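Residue numbers (our numbering), protein chains in the order written: chain Z, 217 to 469; chain X, 217 to 469; chain A, 217 to 469.
Structure first, then comments.
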Amino acid sequence: MTASYPDFDAGIAADLLERVRRTAPRVHCITNAVAQHFTANVLLALGAVPSMTIAPEEVATFAAGADALLVNLGTLDDTRRAAIPKAIEAAKAAGRPFVLDPVFVNRSPVRCSHAKELLSSSPTVLRANREELAALYPAEDPLEVLAGTSVTLAMTGAEDLISGPGGTVRIANGHPLLARVTATGCAGGAVIAAFLSVSDDPVQAAAAALTVFNIAGEMAAERARGPGTLVPELLDALYLIDEARISDRLKRV
Amino acid sequence: MTASYPDFDAGIAADLLERVRRTAPRVHCITNAVAQHFTANVLLALGAVPSMTIAPEEVATFAAGADALLVNLGTLDDTRRAAIPKAIEAAKAAGRPFVLDPVFVNRSPVRCSHAKELLSSSPTVLRANREELAALYPAEDPLEVLAGTSVTLAMTGAEDLISGPGGTVRIANGHPLLARVTATGCAGGAVIAAFLSVSDDPVQAAAAALTVFNIAGEMAAERARGPGTLVPELLDALYLIDEARISDRLKRV
Amino acid sequence: MTASYPDFDAGIAADLLERVRRTAPRVHCITNAVAQHFTANVLLALGAVPSMTIAPEEVATFAAGADALLVNLGTLDDTRRAAIPKAIEAAKAAGRPFVLDPVFVNRSPVRCSHAKELLSSSPTVLRANREELAALYPAEDPLEVLAGTSVTLAMTGAEDLISGPGGTVRIANGHPLLARVTATGCAGGAVIAAFLSVSDDPVQAAAAALTVFNIAGEMAAERARGPGTLVPELLDALYLIDEARISDRLKRV
């Protein structure tokens, strides 16, 4: 399917993180109501700048001026449905990368068919877990379907697989306690968008983003007593993480 | 009115908590915009799974597939108003319990009359404080009105009274600092819904839910310096609470 | 332009804070989706009471019964656009102060023209940063435009300038880490609204509000490791701040 991809390591992840911190890219997020606040804080802790409006009248202006776009399908109401195509069109016209996160398409046929339409806009990165991919590609292997396209797949789980033009990276960082906090996956999608804005290689960018986010999760879990204290610790870790921590902990598989 | 109800103690509360943790019920929450994020984290810390969409096109699918439903009337906009009857109908058709939380009906006549209509759908549990009940039942004693029905009342306050088919439980756990954090009451309604999904006795389930939530609040308040640190500590306590802590602290009155 | 304004010091700030805590004013907030939860917790930590509905059917009732109104233009969707004039009309009819916070008018011409219309309703306080003011008053000095009006300007930044009928106050409290947490500025607008409800002098009220909020931020930053732990520490500090801390730290310029 795809060749191995040796060009990813802690140095590359740290370099892209440093570029995010230095350039403070603005990421426009059309994301679900549950994730908005946490996602904004994740981006700010990392050094990026969030904007979050979903108003159809304004969203094109915000998306066109941003450095990257996140489209997350959680809590997909009429306003979001109207805003999403305008934002995607504006981002593409401005040459900005965009991430599609088809949250819970496995639980709602309406949402699944909406996600399939959006896939035809060729997101730079499709972030999804196994269940969501099975709903989107019920009879096919998503890796094979996407292999001939420009879309990079970031399949998240206990192990993350990032596969796109040029190669595949597998990483196994993270901590089970992250699943006991809402919107960690959604916020991870925003981090991918931030990294895409500072790299021309979507596989490297997505791998670096998930590496940084998941290692920050490990750092946080070591200091937390439970999922409550994990949240502030995770944001602090995103603020404090550096190349040494990434080198110590990166687990490629 | 109602007989005393000896069949509630720390062992029952701990047993239902254990069932929630083991079965990880999904609770679909139509709740207000201020409470969505915190409520999701409360359910996850407890061991349940939240879903939160309010889109009228999708809400029936989500509610029918969930193990319990929460309908909270805070920030009641057009989308929520359209979604609520669809969600209730789907939950009832699937035989799922549902909790009605008529937040702030005492501050808005429009909302109060909407809540009265929803009461005719016979929620499994009506969670409300004294002021909200006085608005819903201006000339009557709500306990007497509900005595002949299948609705269990969970009247929350410094003391909680749970009364329904078969009996009444009064408990007096909790901490004043909980009132200095938004959405603690709303999240408590979601916890009741989670416990209803693992018990056939709504009085026991609601009493267990409020006991667990309020004792977690006490545990958190002892570690917190103020309402800010209370939030992560409360989520940690919901994750860490066990039968010993419940036995030590349960205050029936 | 405006005379110096000696009638502001730590004692006045502490006195107004004490009045907020004693009277627990209700602040009705039409604010953006990202800021709702944090703003509610800021008000509660301070001793005020938030209400947050944006439903056009209900918002007039909520605003008329509240002690102050905040109108924040972030995430300006159809529902919020419909609710805002109703809330302002109700607040003005009831003689309540209101704060206008024209978030991101510099990024959206649609929003900017909407904000200009709202300015004609004469907010008690206009809270904005330099970039937002430059978008609202592209060819003029906002201080000069507003000098002849009843509107008090609270221009926030590394230094805050509060200028209105009777005088000008400049203060320089705060901490850079506050900018790494979403919605701190938005929540500051809600704190101004709370202080307006306990004072007839908008300049003193806005100066006291920003002083208390920013000194709480300094207290929090000294205990925090990063932007994550800053959030609970900031809420605790708003709960714990007293006249001694205000006196020690107030920096007028």
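Idealized CB from N, CA, C, for every residue including glycine.
The structure presented is a predicted model; accordingly, all values stated were derived computationally and were not measured.
Worksheet entry | C-alpha gap between A:Asp458 and Z:Ile431, whole angstroms | Residue mapping note: residue 458 of chain A aligns to position 242 of the third sequence, counting from 1. Residue mapping note: residue 431 of chain Z aligns to position 215 of the first sequence, counting from 1. Going from the Cα of A:Asp458 to the Cα of Z:Ile431 covers about 39 Å.
Discussion item. So with CB distances below 9 Å, who are the chain A contacts of X:Leu292?
Written reply: If you number the second sequence from 1, residue 292 of chain X lands on position 76. Residues of chain A whose Cβ lies closer than 9 Å to the Cβ of X:Leu292 are, in chain order, Thr269, Ala271, Glu273, Glu274.
Item to complete: Measure from the C-beta of A:Ser324 to each C-beta in chain Z and report whether the shortest distance is under 8 Å.
Response: What you label residue 324 of chain A is simply residue 108 of the third sequence in a count that begins at 1. Taking Cβ atoms only, chain Z reaches closer than 8 Å to A:Ser324, which makes this a yes.
Fill in: Entirely enclosed beta strand (DSSP E) segments - the stretch 225-305 of chain Z, minimum 3 residues
The DSSP assignment places complete beta strand (DSSP E) segments of no fewer than 3 residues inside the stretch 225-305 of chain Z at 242-246, 265-267, 284-288, in order along the chain.
Fill in: Chain-ordered neighbours of Z:Glu449 on chain A, where CB pairs are closer than 7 Å
Counting from one through the first sequence, the residue named residue 449 of chain Z turns up at place 233. Against chain A, the beta carbon of Z:Glu449 has neighbours under 7 Å at Gly444, listed in chain order.
Worksheet item: At a Cβ threshold of 8 Å, is X:Thr295 touching chain Z?
Response: Position 79 of the second sequence, counted from the first residue, corresponds to residue 295 of chain X. Closer than 8 Å to the CB of X:Thr295 there is at least one CB belonging to chain Z.
Worksheet item: According to the neighbour-count rule (16 or more other Cβ atoms, all chains shown, within 10 Å of its Cβ), is Z:Val319 buried or exposed?
Response: Taking the first residue of the first sequence as position 1, residue 319 of chain Z is located at position 103. Buried is the label assigned to Z:Val319, since at least 16 other Cβ atoms lie within 10 Å of its Cβ.
Discussion item. If I measure Cβ to Cβ from A:Leu446 and keep anything under 7 Å in the same chain, skipping five residues before and after, which residues do I get?
Written reply: Against the third sequence, residue 446 of chain A aligns to sequence position 230. Leu393, Val397, Ala436, Ala437, Ala440, listed in sequence order.
Worksheet entry | Cβ-based neighbour list, Z:Arg461, same chain, cut-off 8 Å, excluding 5 preceding and 5 following | To locate residue 461 of chain Z, count along the first sequence from 1; it is residue 245. Short of 8 Å from the beta carbon of Z:Arg461, and not among the five residues preceding or following it, lie these beta carbons of its own chain, in chain order: Ile431, Met435.
Worksheet item: Taking the alpha helix (DSSP H) that Z:Gly405 falls in, what are its first and last residues?
Response: If you number the first sequence from 1, residue 405 of chain Z lands on position 189. Its alpha helix (DSSP H) spans residues 400-412.
Item to complete: Show which residues of chain Z have a CB atom less than 8 Å away from the CB atom of X:Thr277.
Response: By 1-based counting over the second sequence, the position of residue 277 of chain X is 61. Contact of X:Thr277 with chain Z by beta-carbon distance below 8 Å involves Arg323, Ser324, Pro325, Val326.
Worksheet item: Taking just the CA atoms, how far does Z:Thr427 sit from Z:Gly404?
Response: Taking the first residue of the first sequence as position 1, residue 404 of chain Z is located at position 188. Taking the first residue of the first sequence as position 1, residue 427 of chain Z is located at position 211. Pairing Z:Gly404 with Z:Thr427, the inter-Cα distance amounts to about 10 Å.
Worksheet item: Comparing the C-beta of X:Thr372 with each C-beta of chain A, is any distance below 8 Å?
Response: In the second sequence, the residue the question calls residue 372 of chain X occupies position 156. Chain A, which has no Cβ nearer than 8 Å to the Cβ of X:Thr372, makes this no.
Worksheet entry | Per-residue DSSP class, three states only, for Z:Ile431 | Position 215 of the first sequence holds residue 431 of chain Z. Note: Z:Ile431 maps to helix in three-state DSSP.
Discussion item. Counting only Cβ-Cβ distances shorter than 9 Å, please list the residues of the stretch 451-464 of chain Z near chain A, keeping chain order.
Written reply: Result list: Leu451, Asp452, Ala453, Leu454, Tyr455, Leu456.
Practice prompt. Answer yes or no: do X:Pro443 and A:Leu451 have a C-beta to C-beta separation smaller than 8 Å?
Written response: Position 227 of the second sequence, counting from 1, holds the residue named residue 443 of chain X. Position 235 of the third sequence, counting from 1, holds the residue named residue 451 of chain A. Cβ atoms of X:Pro443 and A:Leu451: closer than 8 Å.
Discussion item. Would A:Ala276 and A:Ala298 qualify as a contact pair, given that the criterion is a beta-carbon distance under 8 Å?
Written reply: As a position in the third sequence, residue 276 of chain A is number 60, starting the count at 1. As a position in the third sequence, residue 298 of chain A is number 82, starting the count at 1. In this structure, A:Ala276 keeps its C-beta atom at 8 Å or more from the C-beta atom of A:Ala298.
Item to complete: Check whether the Cβ of Z:Ala229 lies closer than 8 Å to any Cβ atom in chain X.
Response: Here the question's residue 229 of chain Z lines up with position 13 in the first sequence. For Z:Ala229, the answer is no, since every Cβ of chain X falls outside 8 Å of its Cβ.
Worksheet item: From which residue to which residue does the beta strand (DSSP E) around A:Leu316 run?
Response: Taking the third sequence and counting its residues from 1, the one referred to as residue 316 of chain A is at position 100. Its beta strand (DSSP E) spans residues 314-317.
Worksheet item: Going by beta carbon distance, what residues of the same chain come within less than 8 Å of A:Pro272, once the five residues before and after it are set aside?
Response: The count along the third sequence starts at 1 and reaches residue 272 of chain A at position 56. Excluding residues within five positions, the ones whose Cβ falls inside 8 Å are Thr295, Ala298, Ala299, Lys302.
Item to complete: Kindly list, in the order they appear in chain Z, the residues whose Cβ is closer than 8 Å to that of A:Ala475.
Response: Because chain A is modelled from 217 through 469, residue 475 of chain A falls outside the range shown and cannot be assessed.
Item to complete: Please go through the same chain and pick out, in chain order, the residues whose beta-carbon is closer than 8 Å to the beta-carbon of Z:Lys467, but skip the five residues on each side of it.
Response: Taking the first residue of the first sequence as 1, we reach residue 467 of chain Z at position 251. These residues qualify, in order along the chain: Ile387, Ala388, Asn389.
Discussion item. So that I know if they touch, is there some Cβ in chain Z lying closer than 8 Å to that of A:Ala249?
Written reply: Reading the third sequence from its first residue, position 33 is the one you call residue 249 of chain A. Interface criterion met: the Cβ of A:Ala249 is under 8 Å from a Cβ in chain Z.
Fill in: Where X:Ala261 meets chain Z, residues with beta-carbon distance less than 9 Å
Numbered from 1 along the second sequence, position 45 holds the residue referred to as residue 261 of chain X. Chain Z residues near X:Ala261: Arg396, Val397, Gly442, Pro443, Gly444.
Discussion item. Excluding the 5 residues flanking Z:Glu497 on each side, which residues of the same chain have their C-beta closer than 6 Å to its C-beta?
Written reply: Residue 497 of chain Z is absent from the model: chain Z starts at 217 and stops at 469.
Item to complete: Taking all protein chains shown into account, decide if Z:Arg284 is buried (16 or more other Cβ within 10 angstroms of its Cβ) or exposed.
Response: Numbered from its first residue, the first sequence carries residue 284 of chain Z at position 68. This sequence places Ala at residue 284 of chain Z; Arg is not what is there. Result: buried.
Worksheet item: Looking only at C-alpha atoms, which of Z:Glu449, Z:Ser366, Z:Glu375 sits nearest to Z:Asp416?
Response: The residue given as residue 416 of chain Z occupies position 200 in the first sequence. When only C-alpha atoms are compared, the closest one is Z:Ser366.
Fill in: Residues that DSSP places opposite A:Asp376 in a beta bridge
Indexing the third sequence from 1 puts residue 376 of chain A at position 160. Beta-bridge pairing by DSSP links A:Asp376 to A:Ile387.
Worksheet item: How would you label Z:Val469, buried or exposed, when you count the other beta carbons within 10 angstroms and need 16 or more for buried?
Response: One-based indexing of the first sequence puts residue 469 of chain Z at position 253. So Z:Val469 counts as exposed.
Item to complete: Just grab the DSSP bridge partners of X:Val341 for me.
Response: As a working mapping, residue 341 of chain X is identified with position 125 in the second sequence. Per the DSSP secondary-structure output, X:Val341 pairs in a beta bridge with X:Val315, X:Thr368.
Worksheet item: Per DSSP, Z:Arg468 is paired with what?
Response: Here residue 468 of chain Z is taken as the residue at index 252 of the first sequence, counted from 1. Its beta-bridge partners are Z:Ile387.
Discussion item. With a threshold of 7 Å on Cβ separation, who are the neighbours of X:Thr291 within its own chain once the five nearest residues in sequence on each side are excluded?
Written reply: For the purposes of this step, residue 291 of chain X is identified with residue 75 of the second sequence, where counting begins at 1. In chain order, Asn248, Ala249, Val250 place their CB closer than 7 Å to the CB of X:Thr291, counting only its own chain and leaving out the 5 sequence neighbours on each side.
Item to complete: List the residues of chain X whose Cβ lies closer than 7 Å to the Cβ of A:His253, in chain order.
Response: Translated into the one-based positions of the third sequence, residue 253 of chain A becomes position 37. Val250, His253, Phe254, Thr398, listed in chain order.
Worksheet item: Whose C-beta lies closer than 6 Å to the C-beta of A:Leu233 among residues of the same chain, with five residues either side of it excluded?
Response: Working through the third sequence from its first residue, we reach residue 233 of chain A at position 17. Here the set comprises Val428.
Worksheet item: Applying the criterion that 16 or more other CB atoms from any shown protein chain within 10 Å of the CB defines a buried residue, is Z:Glu375 buried or exposed?
Response: Residue numbering aside, residue 375 of chain Z sits at position 159 when the first sequence is read from its first letter. Answer is exposed; the Cβ neighbour count stays below 16.
Fill in: Coil, strand or helix - X:Val447 by DSSP
In the second sequence, counting from the first residue as 1, residue 447 of chain X sits at position 231. DSSP places X:Val447 in helix when its eight states are reduced to three.
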